[in-house]
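Quick note on the numbering used here: the sequence shown kicks off at 16 and runs consecutively.
Beneath this line is the structure, given in structure tokens, with notes to follow.
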Amino acid sequence: MIALLSDIHGNYPALSAVLARLDRLGVNELFCLGDTAGWAPQINECCAALRERGAVGVRGNHDDYLVTGRLSGRSATADLCIAYQRTVIETEHLEWLGALPLVLSAFGIEAVHGGWDDPLEQYLREPSVEMFTGRQSGLFASGHTHVPLLWEGAGIRYCNPGSVGQPRDSDPRASFAIVDGESMRIERVEYDIEATRAAIASAGLPDYVGSSLPLGLPVGSHCRECR
Numbered sequence: 016m017i018a019l020l021s022d023i024h025g026n027y028p029a030l031s032a033v034l035a036r037l038d039r040l041g042v043n044e045l046f047c048l049g050d051t052a053g054w055a056p057q058i059n060e061c062c063a064a065l066r067e068r069g070a071v072g073v074r075g076n077h078d079d080y081l082v083t084g085r086l087s088g089r090s091a092t093a094d095l096c097i098a099y100q101r102t103v104i105e106t107e108h109l110e111w112l113g114a115l116p117l118v119l120s121a122f123g124i125e126a127v128h129g130g131w132d133d134p135l136e137q138y139l140r141e142p143s144v145e146m147f148t149g150r151q152s153g154l155f156a157s158g159h160t161h162v163p164l165l166w167e168g169a170g171i172r173y174c175n176p177g178s179v180g181q182p183r184d185s186d187p188r189a190s191f192a193i194v195d196g197e198s199m200r201i202e203r204v205e206y207d208i209e210a211t212r213a214a215i216a217s218a219g220l221p222d223y224v225g226s227s228l229p230l231g232l233p234v235g236s237h238c239r240e241c242r
């Protein structure tokens, strides 16, 4: 069995809950689809936990912002959170994120963070057979949307495991996927959301970065002033 994790976004309590569930399931192969960085503050703890377990993966757009210093171009709050992480991230973790490829095939799965037209920024919300024409794998995975999705067509299977650290499908539970031979399934697990909100407050980040977590909604979607 292989676990697909994506969009952890510095949310260590969520990642810890997912890893505990994986231990109970006996899953020890981790394929991360990007965005360990961004939003919640515990970037070092998240990187350390993934590296300790030998996780493989691809770079996400927030990882890229952190590594390269470029701005998101969409959200001042996202840039603020990345700026904070840049002040605390340990060098070894920054180098690890920077070495992640944009596209990776592992465990018979070809993965990117966004989509195959733009591995970092594309939102792949409606898969089609044409998107995968000419690719070598029959099993594909990406994240970025924060919404879990399983899709099949013409011998192609696609999985978006949703988000570990910031689900956006109105379900606040951490989301991930299990690939077991020919089967794919989405798993959800509850975690200590208030612990994450406390870490956000302790880091001096705006409260609204965490106030959307109990709702399972994007940051700022529930208040006008927080974009």
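Backbone N, C-alpha and C define an ideal beta-carbon position, used for all residues, glycine too.
Since this is a predicted model, take the numbers as computed values, not measurements.
Residue from the options whose Cα sits closest to the Cα of residue i
{"i": "Ala-60", "options": "Thr-211, Arg-200, Ala-114 and Leu-48", "result": "Residue identity differs from the one stated: residue 60 is Glu in this sequence, not Ala. With distances taken between Cα atoms, Glu-60 lies closest to Thr-211."}
{"i": "Gly-180", "options": "Ala-218, Gly-196 and Ser-227", "result": "Ser-227"}
{"i": "Glu-197", "options": "Glu-167, Arg-183, Ser-185 and Val-224", "result": "Glu-167"}
{"i": "Ser-190", "options": "Val-224, Phe-46 and Glu-202", "result": "Glu-202"}
{"i": "Leu-165", "options": "Ile-58, Val-103, Ala-192 and Leu-86", "result": "Ala-192"}
{"i": "His-128", "options": "Asp-94, Ser-157, Arg-101 and Ser-143", "result": "Ser-157"}
{"i": "Ala-213", "options": "Tyr-27, Ile-17 and Leu-19", "result": "Tyr-27"}
{"i": "Val-42", "options": "Leu-19, Gly-219 and Pro-56", "result": "Leu-19"}
{"i": "Val-259", "options": "Leu-135, Ser-21 and Gly-88", "result": "The requested residue 259 does not occur in the structure, where the chain is confined to residues 16 to 242."}
{"i": "Gly-130", "options": "Tyr-99, Ala-98 and Val-73", "result": "Val-73"}
{"i": "Leu-154", "options": "Ala-98, Asp-195 and Ser-90", "result": "Asp-195"}
Length of the line joining the Cα atoms of residue i and residue j
{"i": "Pro-229", "j": "His-108", "result": "29 Å"}
{"i": "Cys-96", "j": "Thr-160", "result": "19 Å"}
{"i": "Val-204", "j": "Ile-23", "result": "13 Å"}
{"i": "Ala-126", "j": "Leu-40", "result": "23 Å"}
{"i": "Tyr-223", "j": "Gly-25", "result": "15 Å"}
{"i": "Ile-104", "j": "Glu-145", "result": "39 Å"}
{"i": "Ser-152", "j": "Val-118", "result": "12 Å"}
{"i": "Ala-29", "j": "Arg-188", "result": "8 Å"}
{"i": "Pro-233", "j": "Arg-150", "result": "32 Å"}
{"i": "Gly-84", "j": "Arg-183", "result": "26 Å"}
{"i": "Ser-178", "j": "Phe-147", "result": "23 Å"}
{"i": "Pro-163", "j": "Arg-101", "result": "29 Å"}
{"i": "Asp-94", "j": "Leu-86", "result": "6 Å"}
{"i": "Ala-216", "j": "Gln-57", "result": "12 Å"}
{"i": "Cys-62", "j": "Phe-46", "result": "13 Å"}
{"i": "Thr-106", "j": "Ser-143", "result": "40 Å"}
{"i": "Ile-17", "j": "Arg-200", "result": "11 Å"}
{"i": "Asp-207", "j": "Asp-38", "result": "18 Å"}
{"i": "Glu-209", "j": "Ala-98", "result": "23 Å"}
{"i": "Asp-133", "j": "Val-82", "result": "18 Å"}
{"i": "Leu-135", "j": "Glu-44", "result": "23 Å"}
Identity of the residues DSSP links to residue i by a beta bridge
{"i": "Ser-198", "result": "Asp-195"}
{"i": "Phe-155", "result": "Glu-125 and Tyr-173"}
{"i": "Trp-166", "result": "Tyr-173"}
{"i": "Ser-190", "result": "Arg-203"}
{"i": "Val-71", "result": "Phe-46"}
{"i": "Leu-65", "result": "The partner list for Leu-65 (beta bridge, DSSP) is empty, contrary to what the question assumes."}
{"i": "Leu-115", "result": "Answer is none; Leu-115 lacks a bridge partner."}
{"i": "Leu-20", "result": "Cys-47"}
{"i": "Ser-120", "result": "Glu-125"}
Heavy atom of the ligand COA within 7 Å of residue i beta-carbon
{"i": "Ile-104", "result": "No copy of the ligand COA occurs in the structure displayed, which carries no ligand at all."}
Distance between beta carbons of residue j and residue i, contact taken as under 8 Å
{"i": "Asp-186", "j": "Gly-225", "result": "At roughly 17 Å, the Cβ-Cβ gap does not stay under 8 Å, so Asp-186 and Gly-225 are not in contact."}
{"i": "Leu-48", "j": "Pro-176", "result": "7 Å"}
{"i": "Gly-219", "j": "Thr-92", "result": "The pair is not a contact, with the Cβ atoms about 13 Å apart (cut-off 8 Å)."}
- Message: I want to know whether the region 172-184 touches the region 102-117 - three or more CB-CB distances under 8 Å.
- Response: no
- Meets three-Cβ-pair contact criterion under 8 Å: the region 39-52 and the region 77-89: yes
- Three or more C-beta pairs below 8 Å linking the region 33-43 and the region 139-147: Under the three-pair Cβ rule at 8 Å, the region 33-43 does not count as touching the region 139-147.
- Could you tell me whether the region 62-70 touches the region 114-130, using the rule of 3 or more Cβ pairs below 8 Å? no
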